[in-house]
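*Asks:* The structure's right below; bear with me while I get my questions together.
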Amino acid sequence: MSLKKQLIGITLAAVLGTPAWAADPVKIGLVLPMSGPFAAYGKQIEHGVKLYLTVNGDTFAGRKVELIVKDDSPGTSGDVSKRLAQELIVKDKVDILAGFGLTPSAFAVAPLATEAKKPMIVMNAATSSVTTKSPYIVRTSMTLPQNSAPIATWAAKNNIKNVFTLVADYGPGQDAEGQFKKTFTAAGGKIVGEVRAPVMNPDFAPYLQKIKDTKPDAVFIFLPPGAETIAFMKGFTERGLGQAGIKLISTGDLPDEDILDAIGDAALGLVTAFHYSEAHNSPENKAYTAAYYKAYPKDRPNFMSVGGYDGMHLIAEVLKKTNGNTDAEKFVEAAKGMKWVSPRGPISIDPATRDIVQTVYIRKTERVAGKLQNVEFDQIPDFKDPGKQ
Ligand code: PHB
144 MSLKKQLIGI TLAAVLGTPA WAADPVKIGL VLPMSGPFAA YGKQIEHGVK LYLTVNGDTF
204 AGRKVELIVK DDSPGTSGDV SKRLAQELIV KDKVDILAGF GLTPSAFAVA PLATEAKKPM
264 IVMNAATSSV TTKSPYIVRT SMTLPQNSAP IATWAAKNNI KNVFTLVADY GPGQDAEGQF
324 KKTFTAAGGK IVGEVRAPVM NPDFAPYLQK IKDTKPDAVF IFLPPGAETI AFMKGFTERG
384 LGQAGIKLIS TGDLPDEDIL DAIGDAALGL VTAFHYSEAH NSPENKAYTA AYYKAYPKDR
444 PNFMSVGGYD GMHLIAEVLK KTNGNTDAEK FVEAAKGMKW VSPRGPISID PATRDIVQTV
504 YIRKTERVAG KLQNVEFDQI PDFKDPGKQ
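All letters in the sequence shown, in the order written, are residues 144 to 532 by the numbering used here.
Encoded structure:
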């Protein structure tokens, strides 16, 4: 064969056969709050992503995963997240955008994912509408309505007739409040007061006083877990709201395992609805928590770590299906309808919304073998986000 023919052959093979990206690493840009008030979100999500690679290897369809982490602390400023995502796309040339601790971060980056045609895997941000902001978003965490509806149903069935709602005044808080009210009032319950607190540095004292004066059967809460949640729980006990017979109900963000030990006994007896508990009794979760403690002995596995772990699982399985192709359209098509057993239980990606379908558990915070745990006692299987209806 002449040299010319050989060269044509090689060029054709490159065009038709093995694609140019086949042996390159898959670059995943993680946009996460790694410092500041929500640093635990970034830590937990990164733990989950890395743990998946430790357990399953870091190469899928022949492509090695390369992680590039950008700290968008505090995670509530869309501008910071947007600038960092732009850098990831233009300078680092990432194939996939992932992470997103807080809703403002996911909202701000969604238009960039659309424009640059990058798959965007949301591993926490939980406002219902996040997945509607780009056709390339797939979510592996939860939505606030998905966890708020089941706790509203539980409350209505358990002799709670009047509820005061207190939420952080941004996407997930407004979603939690809206869904709780809708489900609870439809079941015959009454909302006797509602407040929206600032996301950063709220002073809970006046709210706690107002709640105490209103004397509802229960308070429904959503606050992004952190120092403020701990302060709220302490205030609730110190101001005697529990003693006055006022119950506390919420989504499982409140007694999140990452802050549960800091909340301490004030969390005992709390009933919540959530998609993940460290105490979830399954072989998959036993393996997950054991691997987690081995890798990160100083931390407790929580829902954010599982959001990261399942997000990485989704990326790995999609790569296998597309033979390593990360083209946004192909990626999202491959992700639609995907099903697997997560440490949290069975989950799937709704092909219509690209959002997660999962079991929501009703749990009570108890001391188990000396450790505070959210013990599951009831469940709603295959529950879709009701916030999109
Ligand atoms: C969010 O900002 O979307 C968010 C933050 C913390 C949570 C849930 C949702 O626990």
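We treat Cβ as the ideally placed atom computed from N, Cα and C, and that holds for glycine.
On the premise that residue 168 lies in contact with residue 209, defined as a C-beta separation below 8 Å, what is that separation, rounded to the nearest angstrom?
*Replies:* So it is a contact: roughly 4 Å between Cβ atoms.
*Asks:* Please work out which residues of its chain come closer than 7 Å, Cβ to Cβ, to residue 384, disregarding the five sequence neighbours upstream and downstream, and give them in chain order.
*Replies:* Contacts found: 351, 354 and 355.
*Asks:* Please name the residue, chosen from 165, 180 and 361, that lies closest to residue 402 on a Cα-to-Cα basis.
*Replies:* Checked all of 165, 180 and 361; the closest Cα to residue 402 is 180.
*Asks:* May I ask whether a heavy atom of ligand 1 can be found less than 7 Å away from the beta carbon of residue 246?
*Replies:* Under cutoff, so the answer is yes.
*Asks:* Suppose only complete runs of 3+ residues qualify. What are the beta strand (DSSP E) ranges in the segment 180-215, listed by chain order?
*Replies:* Listed in chain order, the complete beta strand (DSSP E) runs (minimum 3 residues) inside the segment 180-215 are 206-214.
*Asks:* Check whether the Cβ atoms of residue 173 and residue 241 lie closer than 8 Å to each other.
*Replies:* Yes, these two residues count as a Cβ contact at 8 Å.
*Asks:* With 16 as the cutoff for other CB atoms within 10 Å, does residue 138 come out buried or exposed?
*Replies:* Because the chain spans 144 through 532 in this model, residue 138 falls outside it and cannot be assessed.
*Asks:* Quick check on the burial criterion: 16 or more other C-beta atoms within 10 angstroms. Buried or exposed for residue 412?
*Replies:* Exposed, since its Cβ has fewer than 16 Cβ neighbours within 10 Å.
*Asks:* List in chain order: all unbroken alpha helix (DSSP H) runs of 4+ residues lying wholly within the segment 453-531.
*Replies:* Those alpha helix (DSSP H) runs which fall completely within the segment 453-531 and span 4+ residues are 471-478.
*Asks:* Does DSSP classify residue 107 as helix, strand or coil?
*Replies:* Look at the range of the chain in this structure, 144 to 532, and you will see that residue 107 is not part of it.
*Asks:* Can you give me the C-alpha to C-alpha distance between residue 152 and residue 203, rounded to a whole angstrom?
*Replies:* Bear in mind that the predicted position of residue 152 carries a pLDDT of just 47, short of 50, making it too unreliable to give a figure here.
*Asks:* Return yes when the C-beta of residue 374 is under 7 Å from any heavy atom of ligand 1, and no when it is not.
*Replies:* Every heavy atom of ligand 1 is 7 Å or more from the Cβ of residue 374, so no.
*Asks:* Assign residue 528 to buried or exposed, taking buried as 16 or more other Cβ atoms, counted over all protein chains shown, within 10 Å of its Cβ.
*Replies:* It counts as buried.
*Asks:* Expressed to the nearest angstrom, what Euclidean distance is found between the alpha-carbon atoms of residue 155 and residue 269?
*Replies:* Reliability fails at residue 155, whose pLDDT of 49 lies under 50, so the model's placement of it is uncertain and the value that follows must be treated cautiously. Taking the straight line from one Cα to the other gives about 46 Å.
*Asks:* Taking Cβ positions, are residue 286 and residue 488 nearer each other than 8 Å?
*Replies:* It is not a contact, given that the beta carbons lie outside the stated cut-off.
*Asks:* Got a sec? Which residues, its chain only, sit under 7 Å from residue 299 by beta carbon, not counting five neighbours each side?
*Replies:* Contacts found: 327, 330, 331 and 332.
*Asks:* Quick one, which of 294, 509, 264 and 222 has its alpha-carbon nearest residue 503's?
*Replies:* Considering only alpha carbons, the answer is 294.
*Asks:* Let me know the secondary structure DSSP gives residue 373 once reduced to three states.
*Replies:* DSSP places residue 373 in helix when its eight states are reduced to three.
*Asks:* Which two residues bound the contiguous alpha helix (DSSP H) that contains residue 351?
*Replies:* Start and end: 348-357.
*Asks:* Can you tell me where the beta strand (DSSP E) holding residue 265 begins and where it ends?
*Replies:* Per DSSP, residue 265 belongs to the beta strand (DSSP E) from 263-265.
*Asks:* What first and last residue would you give for the alpha helix (DSSP H) that runs through residue 406?
*Replies:* First-last of the alpha helix (DSSP H) with residue 406: 400-406.
*Asks:* Determine, using beta carbons only, whether residue 347 and residue 315 come nearer to each other than 8 Å.
*Replies:* Not a contact, by the Cβ cut-off of 8 Å.
*Asks:* How is the beta strand (DSSP E) around residue 172 delimited, first residue to last?
*Replies:* Where residue 172 is concerned, the enclosing beta strand (DSSP E) stretches over 169-175.
*Asks:* Should residue 267 be listed as close to ligand 1, given that the test is whether its C-beta is under 7 Å from any heavy atom?
*Replies:* Indeed, a heavy atom of ligand 1 lies less than 7 Å from the Cβ.
*Asks:* Spatial neighbours of residue 438 within its chain, please: C-beta separation below 8 Å, excluding the five flanking residues on both sides.
*Replies:* Around residue 438: 190, 193, 194 and 197.
*Asks:* Starting from residue 331, trace the beta strand (DSSP E) in both directions and tell me its first and last residue.
*Replies:* Run containing residue 331: none; DSSP gives neither H nor E here.
*Asks:* In or out: residue 237 buried (at least 16 other Cβ within 10 Å) or exposed?
*Replies:* Looking at its Cβ environment, which holds 16 or more other Cβ atoms inside 10 Å, residue 237 is buried.
*Asks:* Could you name the residues that DSSP lists as bridge partners for residue 255?
*Replies:* None, per the DSSP bridge assignment.
*Asks:* Taking the Cβ atom as the reference point for each residue, do residue 243 and residue 266 lie within a distance shorter than 8 Å?
*Replies:* Against a cut-off of 8 Å, the Cβ pair of residue 266 and residue 243 comes out as a contact.
*Asks:* How is residue 558 classed by DSSP in three states: helix, strand or coil?
*Replies:* Within the shown structure, residues of the chain are numbered from 144 to 532, placing residue 558 beyond reach of any answer.
*Asks:* Under 7 Å Cβ to Cβ from residue 479, same chain only, skipping five residues before and after it: list those, please.
*Replies:* If we look at residue 479 and ignore the five residues flanking it on each side, its Cβ neighbours are 492, 494 and 497.
*Asks:* Determine, using beta carbons only, whether residue 194 comes closer than 8 Å to chain C.
*Replies:* In the structure shown, chain C does not exist; there is a single protein chain.
*Asks:* Pull up the distance between the alpha-carbon of residue 453 and that of residue 184, whole angstroms please.
*Replies:* When rounded, the distance between both Cα atoms is 15 Å.
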